[in-house]
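Using our numbering, you'd call the opening residue of the sequence shown number 3 and step up by one each time.
One structure is given here, and the rest of the page talks about it.
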Amino acid sequence: VNDIDPSIELRAKAEANDDKCTNLFLYLPDPPHFSTHGHGSQINTYILAMLDGTYLNRNVLLVEPPNDVSTFAGASQFGCPVDAFEEIHMKSPASSAPENWQIKENFSGGLSRLINHPTWLSGGCSMPCADTYTYNDWVRIATSPNAVTEPISCKESNGRTVNVIATGGRGARQYFYSKLRSNDDHFISNEKWGIRLGATQAEARIFSTLSDNAMWDYACGLMIKAGFLRLQPW
């Protein structure tokens, strides 16, 4: 595995297509209270969730709470860069009062204010079944005891059925470590997983022959080559 290959992300953006968004893994980093953990814990859990979702051969979405339901001032536990604000144009003469500024409506919040989640992981997919499932619905599903092992199906407005796994930090960790410690149902390298991690076909074939530490070292190398972990530019 060589240096970072920016063409992986560019190709993922060019090939993004809703028809490829029928099997999704939603990672909700906020519940249950994971957004109050230390920065290292939040980043480590995000990495484990990405390994979980790609192992399950799914496009992985990073799902944040809407700004108006966030428990944090400024909608993120990682503070507010100057880029986050926009001025409110009042009918009265402009004032320098703080209430004349607000967080931009679509500005990244939550963990996404720190991490720039790549398209090669998400597939460019949007939130599934947005007409029928709210953020709070996904929180309820993500915090259920068997969230990772019991996917749900929902219908899009166009009639397409989407199979979805949703989990928070606790579920992502539990799934990862349960498989890591299992003698019968452990992680097994395979070509599909390698492709999800950004491998070429040749690299995926090599990856599929590895096990134990060599498998994890190669998996991390593939993700790094694809440009993981990417931080926001502000």
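C-beta atoms are modelled at their ideal positions from N, C-alpha and C, and glycine is treated no differently.
Model, not experiment: these values are computed from the prediction.
A contact between stretches requires three or more CB pairs, one per stretch, nearer than 8 Å, and the stretch 59-74 fails this requirement with the stretch 202-213.
For A168, there is no enclosing alpha helix (DSSP H); the residue is found in the beta strand (DSSP E) stretching over T163 to T169.
Comparing C-alpha distances from S124 to each of D5, I6 and A16 shows the shortest one belongs to A16. Non-local C-beta neighbours of A18 in its own chain, meaning closer than 7 Å and more than five positions away in sequence, comprise T121, G125 and G126, ordered along the chain.
Segment contact: the stretch 168-187 against the stretch 46-55, three or more CB-CB distances shorter than 8 Å; contact assigned. A206 is positioned such that its CB atom lies closer than 8 Å to that of I197. When DSSP reads this structure, L28 sits in a beta bridge with L63 and A168.
Setting aside the 5 residues that flank it on each side, E88 is surrounded in the same chain by K106, each with a C-beta closer than 6 Å to its C-beta; the list follows chain order.
Only exposed fits I190, as fewer than 16 other CB atoms lie within 10 angstroms of its CB. Looking at the DSSP output, E88 bridges to Q104. Counting along the chain, I154 sits inside the beta strand (DSSP E) bounded by residues I154 to K157. Here T134 has C156 as same chain residues with Cβ atoms under 7 Å from its own Cβ, once five neighbours each way along the sequence are excluded. Contact check for P31 and V141: beta-carbon distance about 11 Å, past the 8 Å limit, so the pair fails to qualify. Inclusion of G161 and T145 in the CB contact set at 8 Å is not warranted, their separation being larger than that value. When DSSP reads this structure, I117 sits in a beta bridge with L233.
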